[in-house]
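FYI, numbering that gives the first Met the number 0 numbers position 259 of the sequence shown as 258, with every residue one higher than the one before it.
Idealized CB from N, CA, C, for every residue including glycine.
Keep in mind the model is a prediction, meaning the values are calculated, not measured.
Reading through the structure tokens given below for one structure.
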Amino acid sequence: MSPALIESNPVVNRTGPGGTNTAKHIFVTGGVASSLGKGLTASSLGHLLTQRGLSVAMQKLDPYLNVDPGTMNPFQHGEVFVTEDGAETDLDIGHYERFLDVDLDGAANVTTGQVYSSVIAKERRGAYLGDTVQVIPHITDEIKSRMRAQAERPVDERPDVIITEIGGTVGDIESQPFLEAARQVRHDIGRDKVFFIHVSLVPYLGPSGELKTKPTQHSVAALRSIGIQPDAIVLRSDRELPDSIRTKIASSCDVESDAVVSCVDAPSIYDIPKVLHDGGLDVYVIRRLNLPFRDVNWTKWDWVLERVHNPEHHVRIGIVGKYIDLPDAYLSVTEALRSGGFANDARVKVEWIQSDDCDTEAGARERLSGLDAICVPGGFGIRGIDGKLGALKYARTNGLPTLGLCLGLQCMVIEYARNVAGIDEASSSEFDPDSQAPVIATMAEQLSIVEGEGDLGGTMRLGTYEAKLDEGSVVAGVYDSTLITERHRHRYEVNNTYRDELATAGLRFSGTSPSGELVEFVELPESEHPYYVATQAHPELKSRPTKPHPLFAGLVAAALKAKK
0 MSPALIESNP
10 VVNRTGPGGT
20 NTAKHIFVTG
30 GVASSLGKGL
40 TASSLGHLLT
50 QRGLSVAMQK
60 LDPYLNVDPG
70 TMNPFQHGEV
80 FVTEDGAETD
90 LDIGHYERFL
100 DVDLDGAANV
110 TTGQVYSSVI
120 AKERRGAYLG
130 DTVQVIPHIT
140 DEIKSRMRAQ
150 AERPVDERPD
160 VIITEIGGTV
170 GDIESQPFLE
180 AARQVRHDIG
190 RDKVFFIHVS
200 LVPYLGPSGE
210 LKTKPTQHSV
220 AALRSIGIQP
230 DAIVLRSDRE
240 LPDSIRTKIA
250 SSCDVESDAV
260 VSCVDAPSIY
270 DIPKVLHDGG
280 LDVYVIRRLN
290 LPFRDVNWTK
300 WDWVLERVHN
310 PEHHVRIGIV
320 GKYIDLPDAY
330 LSVTEALRSG
340 GFANDARVKV
350 EWIQSDDCDT
360 EAGARERLSG
370 LDAICVPGGF
380 GIRGIDGKLG
390 ALKYARTNGL
400 PTLGLCLGLQ
410 CMVIEYARNV
420 AGIDEASSSE
430 FDPDSQAPVI
440 ATMAEQLSIV
450 EGEGDLGGTM
460 RLGTYEAKLD
470 EGSVVAGVYD
480 STLITERHRH
490 RYEVNNTYRD
500 ELATAGLRFS
510 GTSPSGELVE
520 FVELPESEHP
530 YYVATQAHPE
540 LKSRPTKPHP
550 LFAGLVAAAL
560 KAKK
């Protein structure tokens, strides 16, 4: 049975004795090395608690000075995940949404840049009444107010538990104010209401054939030196850990043996909730925080894992992009493709295609001829555009199922304008401000920003917008609706001056904003192409493993049909 048909879990009674409701707080820290999987650990624990009937809010604290990741290079940071309310956030927020099947907002991501900007603005207004503004208490107080903001929401919106992942590694200078604020939260709301989980690495030294616990001991010692005693330790490793290792770490780090959980590298990230559950982490957290609970409901997740490990079909789908050297730049796209495979009981093997390899017909044929479908994702700037146009021309003329996202739609329009509609000079004002045929143009309200007269950060068309779809269109068919919402992140739109000319040439504008002014979807009819669809939005941001997004499910279905 599809998880969409499964009834949602009833939420357990979250009111404590005397009718009080103080959200408990779980902090997740990391040690020894970065990229250990703190975000996946936090997401998986959040999933387990949610499936035990608790209301869980997730949050990521990032120690960088940027206000948000919106202006950061994808090669440095990975993708920017946009929330429903238009906040540009860390990619871990995407993990939270996918694992918990919830829509988060801007409060889910806090950066050092946001904290300092707020404190300095208050100081300029005289809010501190002449005080000398310092890291303690002013910066830590600002951090604490953001940590606990979700606990101050109306009772019907207040979570039982807030899980806060603190970015960086214990010992980093940048994250010290966040750790100090977390320590103060435990003091402020009570030690029985706060739980610290430390994620650490147990490396294996090949020459000596030994697993080493000393890095974890030093990491916990650094955490304890600033006043934080972890309540549980999650040990990352590339192999099974014997009980003797766990016992040694429990003893040396002053943590109960039941609270030392082994988390060995798993075949799929979607295995991690069961790995942590088998290690007893969720049970231990519930016991220590005295949370109400029931047994975990595995119905939806077992549906996912069955398709992860025992799929009936297999397809190869290429992502044609220019940031492929860092796959995290397309993290939500790859997960949405895999989830689209789940909807069709298929395993999606993602093939990474550098867009520049497709800028000639021969190059496109060589890279794409063995694929079952392609996805052309978003991006910024002119680099790699000729390759995306070459890939789209090959896909259009060879019946290769194709899904374009954001810039992918714009490239689809440019390619069609040049090669079918006869608009030889068709381009985008983003790539060529002096273009004689800007079929993609700057949104009117974005002109001053593009010309350098405004801030780049947080000024695009961001967040959720409605779109109306044409009856009988491909997209209306896959959505099974003519009114939908999707998240956006862009400055440029299809130029309405060219819409009639392109439509006459055969390109269907199958979805627009409710007013009809902005193009949201383009496609070719099924009679001409098995699946040639693009959206100006970022539908990958709303895909869930338990609720695959219709556009990605449709792409995989078309790929499977074409294989037959």
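Integer Cβ distance of residue i from residue j, believed to fall under 8 Å
i	j	result
L554	G403	The Cβ separation is near 10 Å, so there is no contact.
V160	A258	With a Cβ gap of about 17 Å, V160 and A258 do not count as contacting.
V27	E164	5 Å
T168	G29	5 Å
S331	F80	7 Å
V254	I225	With a Cβ gap of about 17 Å, V254 and I225 do not count as contacting.
Pick from the options that is closest to residue i, judged by C-alpha positions
i	options	result
D469	G278, E141, L523 and A86	L523
L626	E87, G30 and V101	This structure cannot speak to residue 626, because the chain is shown only from 0 to 563.
D632	R287, V419 and R51	Residue 632 lies beyond the stretch modelled for the chain, which goes from 0 to 563, so this question has no answer here.
I25	S526, I227 and A220	I227
S144	L64, Y127 and A106	A106
L370	C262, Y393, F379 and P376	Y393
L406	V419, T396 and S427	S427
F177	P153, E151, E141 and E209	E141
R486	V412, N495 and L103	L103
P214	I244, H537 and I135	I244
P136	Y530, W302, Y115 and V66	Y115
For residue j and residue i, the rounded distance between their alpha carbons
i	j	result
V55	V109	17 Å
L367	L240	43 Å
S34	D277	23 Å
E179	E424	58 Å
A558	K348	12 Å
A502	S509	10 Å
T319	A181	The displayed chain sequence assigns Val, not Thr, to residue 319. Each residue's alpha carbon lies about 42 Å from the other.
G38	T481	36 Å
D155	V198	32 Å
R51	G378	39 Å
I119	G189	30 Å
Y478	V295	31 Å
S207	E360	53 Å
I373	A363	12 Å
L391	H308	32 Å
T49	V101	10 Å
S514	Y464	12 Å
V474	E539	15 Å
D358	R490	25 Å
Y329	G129	47 Å
Burial state of residue i, where buried means 16 or more other Cβ atoms lie within 10 Å
i	result
I381	exposed
Y203	exposed
S1	Note that S1 has pLDDT 43, beneath the 50 cutoff, so the model's placement of it is unreliable and no number is given.
P9	With a pLDDT of only 36 at P9, under 50, the local geometry of the prediction cannot be trusted, and the value read off the model is given with reservation. Under this definition P9 is an exposed residue.
H186	exposed
I196	buried
A466	buried
F551	buried
I439	buried
L290	buried
F74	exposed
G647	Outside the displayed range of the chain (0 to 563) lies residue 647, so it cannot be described from this structure.
R346	buried
G77	buried
I92	buried
Q133	exposed
P549	buried
G421	exposed
Contact set for residue i: own chain, Cβ-Cβ below 7 Å, skip 5 residues either direction
i	result
I384	C410 and F430
G45	V55, M57, Y95, F98, L99 and I162
E444	Low per-residue confidence applies at E444: pLDDT is 42, beneath 50, and the placement is therefore not dependable enough to give any value.
V419	A504 and G505
L408	V521, A533, T534 and Q535
I413	L388, A425, S426, S427, V438 and I439
K121	Y127
T511	A466, K467, L517, V518 and E519
I5	Only weak support exists for where I5 lies, its pLDDT of 33 falling under 50; the coordinates are left without a value.
R543	R97, D100 and S338
Cβ shell of residue i (< 6 Å), same chain only, five flanking positions each side left out
i	result
I352	G317, V319 and R366
D616	The structure shown has nothing for residue 616, since the chain only spans 0 to 563.
D564	No statement about residue 564 is possible, as the shown extent of the chain runs from 0 to 563 and does not include it.
H313	R346
Q249	With the sequence shown as reference, residue 249 is identified as Ala, and Gln is not the correct amino acid for it. Cβ within range, chain order: S256 and V259.
S472	S509
Residues of its chain near residue i, where Cβ-Cβ distance is below 8 Å and the 5 sequence neighbours each way are ignored
i	result
G279	D257 and V260
I285	L48, R51 and F292
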